[in-house]
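Colleague: This structure is in structure tokens; I'll ask about it shortly.
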Amino acid sequence: MDDSFVKTHEVQALFDTAAGIGSADGSPRVKAIMRDIIEAAAAVIVRHDVSESEFWQAVTFLQQGADEFGLLVAGTGLEHFLDLFMDAKDAEAGLTGGTPRTIEGPLYVAGAPLVEGDVNLSKDPDDTGALYMNGRVIGPDGEPVSDVILHVWHANSKGWYSHFDPTGEQTPFNNRARIKLGPDGRYSFHSRMPNGYSVPPGGATDVLMQALGRHGNRPAHVHFFIEAPGYRTLTTQINFGDDPFAKDDFAFGTREGLLPVPQRQGDSAYIAFDFRLQRAAGAEDEQLSARSRAAAEPALA
Ligand code: FE
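With positions in the sequence shown counted from 1, the corresponding number in the working numbering is that position plus 221.
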């Protein structure tokens, strides 16, 4: 059977009712989006002749994988697609230039200490070399950006993030900070070297990646939000250009322009990287997206 079945009067009427199309109540936007999602799912079911058993297996997969949705949207390319979509809309609006945006990922934690100066991100010991990173935050004309808050977070040498570390070995804000920059827009921090990581073995993302014949690895990387009054908030990350997965990132977070190759000396690595922000067109540009994020209480000093 072809998917014209989805277009039959009976099926269309079912989906209209299911999406509340005839109801005066509810949200018109939610109704319109749900209507399209339901029909798209139905078309996939027909096109691939999905059986009842396969359908319920998929439901169970999504139920059991609910706590990995943040990884699933990255691994399926949907989070990167959002970046491509926002880039395309920016290009249409003539908004180009600046450091590329890239995916946030699911592992930011709000409430990291606000610190200044040359910052040590790593509060916990870690048996690995040091990472030194520094550079400037500049605007479209190369001007230094003042009053920047640079949020930075990365994994430890085992690829685990504090707050999400199943070994429980890290303090809440290890390898995390919000750095307040001075009028020259210069930043500088050092830390214990992050390593790349893979999705949790046996978890929903791992199961899906295996079924797709893919791996679940990311290269070593460092995440950033950069916010400053008058400028558009940037969500980005740098990935180590010399990591074996630099060009083969399961989450599609690596992008041209975000792959600096660290200078290695012994077991230390040095990265110089400047961030260029776009100017904000309005107050909304200065906000972070409304994504729900983990939060933790700052530890008592
Ligand atoms: Fe990450």
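Every residue gets a Cβ at the ideal spot worked out from N, C-alpha and C, and that includes glycine.
#1: My output table needs one value for residue 277: the three-state DSSP class, helix, strand or coil.
#2: Flag residue 434 as yes when its Cβ comes closer than 7 angstroms to any non-hydrogen atom of the ligand FE, and as no otherwise.
#3: Any residues whose CB sits closer than 6 angstroms to a heavy atom of the ligand FE? List them in chain order?
#4: Taking the alpha helix (DSSP H) that residue 429 belongs to, which residues open and close that run?
#5: Can you tell which of 230, 224 and 292 has its C-alpha closest to the C-alpha of residue 261?
#6: Would you kindly work out how many angstroms separate the C-alpha atoms of residue 445 and residue 455, rounded to a whole number?
#7: Hey, would you say residue 406 sits closer than 8 angstroms to residue 441, going by beta carbons?
#8: Thinking C-alpha only, which one of 509, 514, 401 and 391 is nearest residue 322?
#9: With 16 other CB atoms within 10 Å as the buried threshold, where does residue 396 fall?
#10: Exposed or buried, which one is residue 427 when buried takes at least 16 other CB atoms within 10 Å?
#11: For a minimum of 4 consecutive residues, which ranges assigned as the alpha helix (DSSP H) are wholly contained in the region 495-522?
#12: When the Cα atoms are used, what is the spatial distance from residue 356 to residue 491?
#13: Quick one: residues in its chain with C-beta nearer than 6 angstroms to the C-beta of residue 364, no 5 flanking neighbours on either side, listed in chain order?
#14: For residue 298, which residues from the same chain have a beta carbon less than 7 angstroms from its beta carbon, with the 5 sequence-adjacent residues on both sides left out?
#15: Below 8 angstroms on the Cβ atoms is my contact criterion, and I expect residue 412 with residue 343 to pass it. Report the Cβ-Cβ distance as a whole number of Å.
#16: Report the start-end ranges of each beta strand (DSSP E) in the region 354-442 that is 3 residues or longer and not cut off at the edges.
#17: Secondary structure at residue 444, three-state DSSP: helix, strand or coil?
#18: Just the Cα atoms here: how many angstroms apart are residue 259 and residue 270?
#19: What do you reckon, are the CB atoms on residue 360 and residue 500 nearer than 8 angstroms?
#20: Restricting to Cα atoms, I'd like to know which of 226, 281, 296 and 233 is closest to residue 421.
#21: Let me know the secondary structure DSSP gives residue 322 once reduced to three states.
#22: Should residue 289 go down as buried or exposed, given a rule of 16 or more other Cβ atoms within 10 Å for buried?
#23: Evaluate residue 229 with the Cβ neighbour count: other Cβ atoms within 10 Å of its Cβ, from every protein chain shown; 16 or more gives buried, anything less gives exposed.
#24: Could you pull out every residue in the same chain whose Cβ sits closer than 7 angstroms to the Cβ of residue 285, ignoring the five residues on either side in sequence?
#25: Shortest alpha-carbon distance to residue 481 belongs to which of 257, 496, 386 and 515?
#26: Sorted by chain position, which residues of the same chain lie with C-beta nearer than 7 angstroms to residue 304's C-beta, five sequence neighbours on each side aside?
#27: How should residue 251 be labelled, buried or exposed, when 16 other C-beta atoms within 10 angstroms of its C-beta is the threshold for buried?
#28: How would you write the range of the beta strand (DSSP E) that residue 258 sits in, first residue to last?
#29: Would you give the residue range spanned by the beta strand (DSSP E) that residue 456 belongs to?
#30: Are three or more beta carbon pairs between the region 309-322 and the region 373-391 nearer than 8 angstroms?
Modeller: A quick look at the data gives this:
#1: As a first step, residue 277 is located in the sequence shown; it is residue number 56 there, counting from the start. Three-state result, residue 277: helix.
#2: Walking along the sequence shown from the start, residue 434 turns up at place 213. No, since every heavy atom of the ligand FE falls outside the 7 angstroms radius drawn around the Cβ of residue 434.
#3: 326, 328, 442 and 444
#4: The residue you call residue 429 lines up with position 208 of the sequence shown. Taken as a continuous stretch (DSSP letters only), the alpha helix (DSSP H) holding residue 429 covers 425-432.
#5: Position 40 of the sequence shown, counted from the start, is the residue given in the question as residue 261. Taking only the C-alpha atoms, the option nearest residue 261 is 224.
#6: Taking the first residue of the sequence shown as position 1, residue 445 is located at position 224. Taking the first residue of the sequence shown as position 1, residue 455 is located at position 234. One C-alpha to the other measures close to 8 angstroms.
#7: The count along the sequence shown starts at 1 and reaches residue 406 at position 185. The count along the sequence shown starts at 1 and reaches residue 441 at position 220. Not closer than 8 angstroms, so no.
#8: For the purposes of this step, residue 322 is taken as the residue at position 101 of the sequence shown. If we check each option's Cα against that of residue 322, 509 comes out closest.
#9: Mapped onto the sequence shown, residue 396 falls at position 175. Buried, since its Cβ has 16 or more Cβ neighbours within 10 Å.
#10: Against the sequence shown, residue 427 aligns to sequence position 206. That one is buried.
#11: none
#12: To locate residue 356, count along the sequence shown from 1; it is residue 135. To locate residue 491, count along the sequence shown from 1; it is residue 270. So the two alpha carbons sit approximately 11 angstroms from each other.
#13: Translated into positions along the sequence shown, residue 364 becomes position 143. For residue 364, where only same-chain residues beyond five positions count, there are no Cβ hits under 6 angstroms.
#14: On the sequence shown, residue 298 is found 77 positions in, with the first residue counted as 1. Hits under 7 angstroms: 473.
#15: Numbered from its first residue, the sequence shown carries residue 412 at position 191. Numbered from its first residue, the sequence shown carries residue 343 at position 122. Indeed they touch by this definition, with Cβ atoms about 4 angstroms apart.
#16: 370-374, 397-401 and 407-413
#17: Stepping through the sequence shown from its first residue, residue 444 is reached at position 223. It is a strand residue.
#18: By one-based count along the sequence shown, residue 259 stands at place 38. By one-based count along the sequence shown, residue 270 stands at place 49. One C-alpha to the other measures close to 16 angstroms.
#19: By 1-based counting over the sequence shown, the position of residue 360 is 139. By 1-based counting over the sequence shown, the position of residue 500 is 279. Yes, the pair counts as a contact, with Cβ atoms nearer than the cut-off.
#20: Taking the sequence shown and counting its residues from 1, one reaches residue 421 at position 200. If we check each option's Cα against that of residue 421, 296 comes out closest.
#21: Along the sequence shown, one-based indexing puts residue 322 at 101. Of the three classes helix, strand and coil, the one that applies to residue 322 here is coil, per DSSP.
#22: For the purposes of this step, residue 289 is taken as the residue at position 68 of the sequence shown. Flag for residue 289 reads buried.
#23: Position 8 of the sequence shown, counting from 1, holds the residue named residue 229. So residue 229 counts as exposed.
#24: Here residue 285 refers to the residue found at position 64 of the sequence shown. Counting only Cβ-Cβ distances below 7 angstroms, and skipping sequence neighbours, we find 425.
#25: One-based indexing of the sequence shown puts residue 481 at position 260. Among 257, 496, 386 and 515, the Cα nearest to that of residue 481 belongs to 496.
#26: Here residue 304 is taken as the residue at index 83 of the sequence shown, counted from 1. Result list for residue 304: 322, 323 and 324, in chain order.
#27: For the purposes of this step, residue 251 is taken as the residue at position 30 of the sequence shown. Answer is exposed; the Cβ neighbour count stays below 16.
#28: Start at 1 with the first residue of the sequence shown, and residue 258 comes out as number 37. Run containing residue 258: none in the beta strand (DSSP E); it sits in the alpha helix (DSSP H), 249-268.
#29: As a working mapping, residue 456 is identified with position 235 in the sequence shown. Where residue 456 is concerned, the enclosing beta strand (DSSP E) stretches over 455-460.
#30: no
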